[in-house]
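In our numbering, the protein residues as written are 136 to 415.
Remarks on the structure that follows.
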């Protein structure tokens, strides 16, 4: 196992633990290098960095940017950037501004399907009023007894073709990568196995991502099985991308792993974190 986790979330976006508690949990599991990557938001980085220093954990600034690419919604993780960069901060503020309108539309969609008054329930699950996500809706629907757990919600609601799904225009891929690179960071394609993209379209995406300045891909992810790890390890090497590793932790019991440790990368992959561990 590798003591690195470069993808996890806190209450600043759609996680269930505050930033300091995420760090403490990761440190307790042996993590030595950690990034907090809340959705479109940098508000938890200072607390997380301070807590990491107290536990002897090397901390890297992170964020997960929501991106529209054709008909697909992608997530681009930014790592190792200057969190004070104004262009990055302004870009993320613009992405967050669209979230509230989407939340209203999601609630209206569920109401038309016979599930009224969901928005206020979702808001109660969101510590940060600027980040209302599908996870907050899912937790409320579980609370109302409409599904047994969050995973089950996403089989019945909130996804394409189901009640609560809303098309939304996020950041453009070239903008997200430019914001991250302009702030001195590395752009990483998050959890690629999650996207409903065939092999040829994935290759088109990786070609464009690399051309625009993307440098990394999550080979190891909390949502990747053994076959996906092997597949994206091969693609990382073929496209000359650095390999990243993250649990995509949101809450204990909602995902595959708690934050802190990840399986080793496949042989031949170049870790995205080499520069930060060397600096440490």
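Even glycine gets a Cβ: it sits at the ideal position worked out from N, Cα and C.
Fair warning: this is a prediction, and the values are worked out from it, not measured in the lab.
* Asked: Between the beta-carbon of residue 181 and the beta-carbon of residue 158, is there less than 8 angstroms?
  -> no
* Segments of 3+ residues assigned as beta strand (DSSP E) that fall wholly inside the stretch 293 to 367 -> 321 to 324 and 351 to 356
* To do: Pick out whichever of 403, 173, 245 and 169 has its Cα sitting closest to the Cα of residue 296.
  => 245
* Note down, in chain order, each residue of its chain lying with its Cβ closer than 7 angstroms to the Cβ of residue 206, except the 5 sequence neighbours on either side. => none
* For residue 361, count neighbouring C-beta atoms within 10 Å of its own C-beta (all shown protein chains included) and say buried if the count is 16 or more, exposed if not. => exposed
* Look up residue 149 in the DSSP assignment and say whether it is helix, strand or coil. => coil
* Asked: Three or more C-beta pairs closer than 8 angstroms, one from the stretch 260 to 268 and one from the stretch 163 to 171: is that the case here?
  -> Taking one beta carbon from each stretch, the stretch 260 to 268 and the stretch 163 to 171 have fewer than 3 pairs nearer than 8 angstroms; the two do not touch.
* Asked: Is residue 136 helix, strand or coil by DSSP?
  -> coil
* To do: Would you identify the three-state DSSP class for residue 288, choosing helix, strand or coil?
  => helix
* residue 197 and residue 147 closer than 8 angstroms at C-beta -> no
* Asked: Counting only runs that start and end within the stretch 189 to 247, where is the beta strand (DSSP E) found for 3 or more residues in a row?
  -> 193 to 204 and 207 to 214
* For residue 261, the first and last residue of its enclosing beta strand (DSSP E) -> Where residue 261 is concerned, there is no enclosing beta strand (DSSP E), given that its DSSP letter is neither H nor E.
* To do: Output yes if chain B places a C-beta closer than 8 angstroms to the C-beta of residue 339; else output no.
  => No chain B appears in the structure shown, which is made up of a single protein chain.
* Alpha carbon of residue 379 to alpha carbon of residue 273, nearest angstrom -> 28 angstroms
* Compare the beta carbon distance of residue 149 and residue 270 with 8 angstroms and say whether it is the shorter of the two. => Yes.
* For residue 221, does the count of other Cβ atoms within 10 angstroms reach 16, so buried, or fall short, so exposed? -> Exposed.
* To do: Let me know the secondary structure DSSP gives residue 271 once reduced to three states.
  => helix
* To do: Whole angstroms is fine: what's the gap from residue 374's alpha carbon to residue 404's?
  => 11 angstroms
* **Distance between beta carbons of residue 322 and residue 358, contact taken as under 8 angstroms** => Going by Cβ atoms, the distance from residue 358 to residue 322 rounds to 19 angstroms, so no, they are not a contact pair.
* Can you say whether residue 397 is buried or exposed, counting buried as having 16 or more other CB atoms within 10 angstroms of its CB? => buried
* So does the stretch 308 to 324 actually touch the stretch 275 to 288, counting three or more Cβ pairs closer than 8 angstroms? -> no
* **Reduced DSSP category for residue 381 - H, G, I as helix; E, B as strand; rest coil** => In this structure, residue 381 counts as strand in the three-state DSSP scheme.
* **Helix, strand or coil at residue 406 [DSSP, three-state]** => strand
* To do: Just the C-alpha distance for residue 185 and residue 389, rounded to the nearest angstrom, thanks.
  => 26 angstroms
* Asked: Which of the three DSSP states, helix, strand or coil, is assigned to residue 171?
  -> strand
* Asked: Whose C-beta lies closer than 6 angstroms to the C-beta of residue 203 among residues of the same chain, with five residues either side of it excluded?
  -> 304 and 305
* **8 angstroms Cβ cutoff met for residue 400 and residue 315** => In this structure, residue 315 does not lie closer than 8 angstroms to residue 400 by Cβ.
* Asked: Taking all protein chains shown into account, do 16 or more other C-beta atoms lie within 10 angstroms of the C-beta of residue 217, making it buried, or fewer, making it exposed?
  -> exposed
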